[in-house]
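Heads up, the thing below is written out as structure tokens.
Protein chains: 2
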Amino acid sequence: MPSAAIVVIGDEILSGKFAEANASWLVGELRELGVAVGHIQVIPDVVEDIRDAVRADAGRFDHVFTSGGVGPTHDDVTIAGVAMAFGVGVVRHPQLEAELRAYYGELILPAHLRMAEVPEGAALIGADHPSWPVTSIRNVYILPGVPIIFRKKFASIRERFRARPFFGRRFYLMADEGSVAGDLDAVVAAHPGIAVGSYPRFDERDYRVMVTLEAKDQELVDAAARDLGARLGERVVRSE
Amino acid sequence: MPSAAIVVIGDEILSGKFAEANASWLVGELRELGVAVGHIQVIPDVVEDIRDAVRADAGRFDHVFTSGGVGPTHDDVTIAGVAMAFGVGVVRHPQLEAELRAYYGELILPAHLRMAEVPEGAALIGADHPSWPVTSIRNVYILPGVPIIFRKKFASIRERFRARPFFGRRFYLMADEGSVAGDLDAVVAAHPGIAVGSYPRFDERDYRVMVTLEAKDQELVDAAARDLGARLGERVVRSE
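Protein chains in written order, with the numbering used here: chain A, 1 to 240; chain B, 1001 to 1240.
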């Protein structure tokens, strides 16, 4: 099962200036694609933090997506951090430089050309529009922090990540969560390979606990759902 | 300056079933209290992941807040993970046990008593309501995942974390971000101790870049703001 991590680089999130909007969106996209997200982090605009976070997650997960820190200003240090994660230098990419020069013309400044920098050995991917390539090195995909551009760039590469889908069932219970814990333990034990989640809620009118069953094999999910339904009986208000 | 990390434990966030609501709220509370959040993580309901995340962040930050994984079911493994982070065992806390027995009476089940477990050496804190203590060990505060209870519990301990406040100024610019990068570099160099952020936006009608200045010393912020304002001149649409 392909796995992924998301590393959000942004003092503006950590200081509460902007609500996080990229990881919270991407996690749904990746789930829909059949990719299991195993780690989300928000870290500051500090090159060593980026180096450590990217290095660790790139070693543990199949794909790593970064968000933010790729503009022209002093606080944009993601390229340097990712380069350090892999022990490579930072170089100017000819295609990005040409695009920036074409866009800014005579008004181009050294700061703009920072946006042509990539970790040495990086590739530009994403084919649907030549002006919106995604910089990628090994299993790391570097995306910008501005949400509308983050989404546009991810859309241009999303089909690369499609895998077998997840199947899931949800049971809504009118019951105290502790009183069903034993039934859930029995289902967990009898159905290895099924992820069983239990989520109490105190502000819903018609249920107290949502129980979820998930796996990549629909038959496994169906079997666990039959078992769970039989155990819980009338405590199940509805299921979907 | 006191620092903090937030560790959200929850498969339901990583799988996109629930939107993250605790870290995104707590980050604003901590900022308002004068605490600098340096790391936010979302990790799965896996005891080793909790151990590693809590151990690393407890060593790097003054305060660590965990969210989730403290209920009665099989997927609630935060107490075990935090205990492992500090190399201690898990014990049943007499006060929590007494409260649970009083609440459930004869209907109490072994699963309910899991909610009386704490890492060995943990304290119960938060004085405003005896039924809502927060379990704390060393610099780690263990909070539940259900948002309304998370907020209620944090409210009972929040004043413990109050520190000198942050002061900030914001400048809204009608300018290309790259064209102001040099001015920002100069302000960063001339005003050490000021955090300078630059945030391009492409969907706002009246500005293209928001620049933020922040520090714990209002005079430093005011001096940097005068400098920045003089450098940017009419490119500043408004400031606050």
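The C-beta atom is built at its ideal place from N, Cα and C for all residues, glycine as well.
From a predicted model like this one, the values you see are computed outputs, not experimental measurements.
Closest by CA to residue i, which one among the options?
i, options, result
"A/I6", "A/P119, A/V180, A/S67", "A/S67"
"A/L33", "A/I50, A/P2, A/L143, A/R170", "A/P2"
"A/E271", "A/R164, A/E204, A/R205, A/D203", "The requested residue 271 of chain A is not part of the displayed model; chain A covers only 1 to 240."
"A/I50", "A/S179, A/A19, A/V82", "A/V82"
"A/G233", "A/D183, A/E97, A/G145, A/I194", "A/D183"
"A/R170", "A/E159, A/A195, A/I149, A/R162", "A/A195"
"B/L1252", "A/G178, A/L26, A/A186, A/L14", "In this structure chain B extends from 1001 to 1240, so residue 1252 of chain B is not present and cannot be described."
"A/Q95", "A/I79, A/T78, A/V118, A/G105", "A/V118"
"B/G1121", "B/M1084, B/G1016, B/P1144", "B/M1084"
"B/L1173", "B/R1231, B/A1036, B/M1210, B/H1112", "B/M1210"
"A/D57", "A/F167, A/L113, A/V8", "A/V8"
"B/I1079", "B/V1046, B/A1036, B/Y1104", "B/V1046"
"A/G16", "A/P44, A/L30, A/V27, A/R31", "A/P44"
"A/Q218", "A/R160, A/G168, A/H93, A/F86", "A/G168"
"B/I1125", "B/G1038, B/E1159, B/G1145, B/Y1103", "B/E1159"
"B/L1100", "B/L1113, B/G1069, B/E1240, B/V1037", "B/L1113"
"A/A225", "A/F161, A/G197, A/F150", "A/G197"
"A/G59", "A/F86, A/E48, A/D76", "A/F86"
"A/V42", "B/F1150, B/S1239, B/A1004", "B/A1004"
"A/V37", "B/G1038, B/R1231, B/F1061, B/D1011", "B/D1011"
"A/H93", "A/L26, A/R162, A/M115", "A/M115"
"B/L1109", "B/V1091, B/G1071, B/G1089", "B/G1071"
"A/R31", "B/G1028, B/V1027, B/L1014", "B/L1014"
"B/F1161", "B/A1175, B/Y1141, B/F1150", "B/Y1141"
"A/L143", "A/E240, A/E97, A/G89, A/G69", "A/G69"
"A/D176", "B/F1150, B/F1166, B/R1231, B/Y1103", "B/Y1103"
"B/I977", "A/G105, A/A111, A/I149, A/P200", "This structure leaves residue 977 of chain B out entirely; chain B is present only between 1001 and 1240."
"A/D75", "A/G145, A/V35, A/V90", "A/G145"
"B/D1185", "B/I1040, B/L1228, B/H1039, B/F1166", "B/L1228"
"A/E29", "A/N139, A/S239, A/F166", "A/F166"
"B/V1090", "B/A1123, B/A1098, B/F1061", "B/A1123"
"A/R208", "A/R235, A/K216, A/A98, A/V221", "A/R235"
"B/A1053", "A/G105, A/E48, A/V54, A/H39", "A/H39"
"B/A1035", "B/S1239, B/A1098, B/K1216, B/L1220", "Before going further, note that residue 1035 of chain B is Val rather than Ala in the sequence given. It is B/K1216."
"A/V242", "A/A98, A/G105, A/A111", "One cannot answer for residue 242 of chain A here, as it falls past the ends of chain A, which runs 1 to 240."
Check the C-beta distance from residue i over to residue j and give it rounded, since I have them as a contact under 8 Å.
i, j, result
"A/P147", "A/N22", "6 Å"
"A/T73", "B/A1181", "5 Å"
"B/S1024", "A/A19", "6 Å"
"B/V1237", "B/D1203", "In fact, because the Cβ distance is near 15 Å, the residues do not count as touching under 8 Å."
Would you verify that the beta carbon of residue i is, or is not, closer than 8 Å to some beta carbon of chain B?
i, result
"A/Y207", "no"
"A/G34", "no"
"A/K153", "no"
"A/L232", "no"
"A/V237", "no"
"A/R31", "yes"
"A/E117", "no"
"A/A21", "no"
"A/R28", "Per the sequence shown, the amino acid found at residue 28 of chain A is Gly instead of Arg. Yes, A/G28 counts as interfacial toward chain B."
Comparing the C-beta of residue i with each C-beta of chain A, is any distance below 8 Å?
i, result
"B/S1003", "no"
"B/V1196", "yes"
"B/A1111", "yes"
"B/S1067", "no"
"B/I1156", "In the sequence as displayed, the identity of residue 1156 of chain B is Ser instead of Ile. Chain A contact via Cβ: absent."
"B/V1064", "no"
"B/G1105", "no"
| Residues in the stretch 38 to 61 of chain A with C-beta within 7 Å of chain B's C-beta atoms, listed in sequence order? | G38, H39, I40, Q41, V42, I43, P44
| Any residues in the stretch 1174 to 1190 of chain B with a beta carbon nearer than 7 Å to a beta carbon of chain A? Which ones, in chain order? | The stretch 1174 to 1190 of chain B vs chain A, Cβ under 7 Å: E1177, G1178, S1179, A1181, G1182, L1184, D1185, V1188.
**Message:** At a CB distance below 9 Å, what residues from the stretch 71 to 94 of chain A approach chain B? Give them in sequence order.
**Reply:** G71, P72, T73, H74, D75, D76
*Determine contact between the stretch 60 to 75 of chain A and the stretch 135 to 155 of chain A, defined as no fewer than three beta-carbon pairs at a distance below 8 Å.*
Pairwise C-beta distances place the stretch 60 to 75 of chain A in contact with the stretch 135 to 155 of chain A, as three or more of them are shorter than 8 Å.
message = Would the stretch 134 to 143 of chain A count as touching the stretch 182 to 201 of chain A if we require 3 or more Cβ pairs under 8 Å?
response = no
For this session: For the stretch 1128 to 1148 of chain B, enumerate the residues whose C-beta is nearer than 7 Å to any C-beta of chain A, in chain order.
Result: V1146, I1148
So if I threshold CB-CB distances at 8 Å, which residues from the stretch 1200 to 1227 of chain B count as touching chain A? P1200, R1201, F1202, D1203, T1212, E1214
**Prompt:** For the stretch 1006 to 1017 of chain B, which residues have a beta carbon sitting closer than 7 Å to at least one beta carbon of chain A?
**Reply:** Going along the stretch 1006 to 1017 of chain B in chain order, one finds D1011, E1012, L1014, S1015, G1016, K1017 with a Cβ nearer than 7 Å to chain A.
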